[in-house]
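Taking it in order: structure first as structure tokens, then the write-up.
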Amino acid sequence: MTAPKTAMVLAAGLGTRMRPLTDDRPKALVEVEGRALIDHVLDRLADAGVEKAVVNVHWFADRLEAHLAARGQNLKNRGPEIVISDERAELLETGGGLKKAHALLGDDPVFVANIDSVWIDRGDALTDLIRLWNPETMDAALLLARREGSIGFEGDGDFFMADDGKLTFRGDAPSAPFAYMGVHITRPGYADRGPDGPFSLSPLWRKSAAEGRLFGCVLDGDWMHVGDPQARDEAEAKLAGEA
Numbered sequence: 198m199t200a201p202k203t204a205m206v207l208a209a210g211l212g213t214r215m216r217p218l219t220d221d222r223p224k225a226l227v228e229v230e231g232r233a234l235i236d237h238v239l240d241r242l243a244d245a246g247v248e249k250a251v252v253n254v255h256w257f258a259d260r261l262e263a264h265l266a267a268r269g270q271n272l273k274n275r276g277p278e279i280v281i282s283d284e285r286a287e288l289l290e291t292g293g294g295l296k297k298a299h300a301l302l303g304d305d306p307v308f309v310a311n312i313d314s315v316w317i318d319r320g321d322a323l324t325d326l327i328r329l330w331n332p333e334t335m336d337a338a339l340l341l342a343r344r345e346g347s348i349g350f351e352g353d354g355d356f357f358m359a360d361d362g363k364l365t366f367r368g369d370a371p372s373a374p375f376a377y378m379g380v381h382i383t384r385p386g387y388a389d390r391g392p393d394g395p396f397s398l399s400p401l402w403r404k405s406a407a408e409g410r411l412f413g414c415v416l417d418g419d420w421m422h423v424g425d426p427q428a429r430d431e432a433e434a435k436l437a438g439e440a
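Counting from 1 along the sequence shown, just add 197 to a position and that's the residue number in the numbering used here.
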């Protein structure tokens, strides 16, 4: 079991559903229980052994960069080292962002993490994901949450999962039991096959799933998708109740 030492943190989005909280800051700096969303993610990654995080920036990029620089100067901070992937000129979405950052990430497997997921871990979700990951048989290993009981997720679910962790998309089914909760492991070059400019990872995942190379494991805990102000308030209440 080789844990990724590098991560890509997707923090460049406009955060339109989070307005008015994102009128003067990027979504990554919206606070839940007194900590910026990006700090929740970076602390999780540091606990999992990540030493370097490449963070893409676009909306209020200067403010996010200043926050990350201050984080790096805090003697109590346990890392990871921050490298910026600058998307000020063009917002590249998940696939385009990963493709642009490939040179900064290197070629070893990496975590890729959204900044709008907060969770209460009753097991060790990222370690479970590391144990699952097998670059010989997988293009990506996704961390999933059970749709029921999740906070801030209103969709019909994304995936069905076989006993060995192999994933299939919901397709025409009215619902599926599992939702992608914003963290996965892949190779940095996975998105290189995508087009130039902005594109989503989803079409690549669909191709991988059809080839039997998309896998997942399920969080033992409570997932909070912090996508709008109401979900932020619900997440704060949930975390306060667990404290």
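Glycine included, every Cβ here is placed at the ideal spot set by N, Cα and C.
Being a predicted model, the structure only gives us computed values, none of them experimental.
Of the other Cβ atoms in all chains shown, 16 or more fall within 10 Å of the Cβ of Thr291; this residue is therefore buried. In this structure, the alpha-carbon of Asp318 lies about 23 Å from that of Asp353. When the beta-carbon positions are compared, Phe412 and Ala338 come within less than 7 Å of each other. Secondary structure note for Ala298: its alpha helix (DSSP H) is the uninterrupted segment Glu290 to Leu302. Following the DSSP letters along the chain, one finds Gly413 in no alpha helix (DSSP H) but inside the beta strand (DSSP E) bounded by residues Leu411 to Val415.
Under the 8 Å Cβ criterion, the segment 245-256 counts as touching the segment 209-222, having at least three qualifying pairs. Contact check for Arg216 and Arg260: beta-carbon distance about 16 Å, past the 8 Å limit, so the pair fails to qualify.
Counting along the chain, Ser347 sits inside no alpha helix (DSSP H), nor does DSSP assign it H or E at all. In summary, Asp220 is exposed, with fewer than 16 beta-carbon neighbours lying within 10 Å of its beta-carbon over all protein chains present.
Annotated as proximal: Val315 and Val423, with beta-carbon spacing under 7 Å. Annotation for His255: no alpha helix (DSSP H) segment contains it, and DSSP assigns it neither H nor E. For the alpha helix (DSSP H) assignment, the uninterrupted runs of no fewer than 4 residues enclosed by the segment 314-342 are, from N- to C-terminal side, 322-329. Following the DSSP letters along the chain, one finds Ile235 inside the alpha helix (DSSP H) bounded by residues Leu234 to Asp244. Three or more beta-carbon pairs separated by less than 8 Å are not found between the segment 427-440 and the segment 326-337, which leaves the two stretches without contact. Inclusion of Phe366 and Ala406 in the CB contact set at 7 Å is warranted, their separation being smaller than that value.
Burial state of Glu408 is exposed, judged by a 10 Å Cβ sphere holding fewer than 16 other Cβ atoms.
DSSP lists Thr203 and Glu278 as the beta-bridge partner residues of Lys249.
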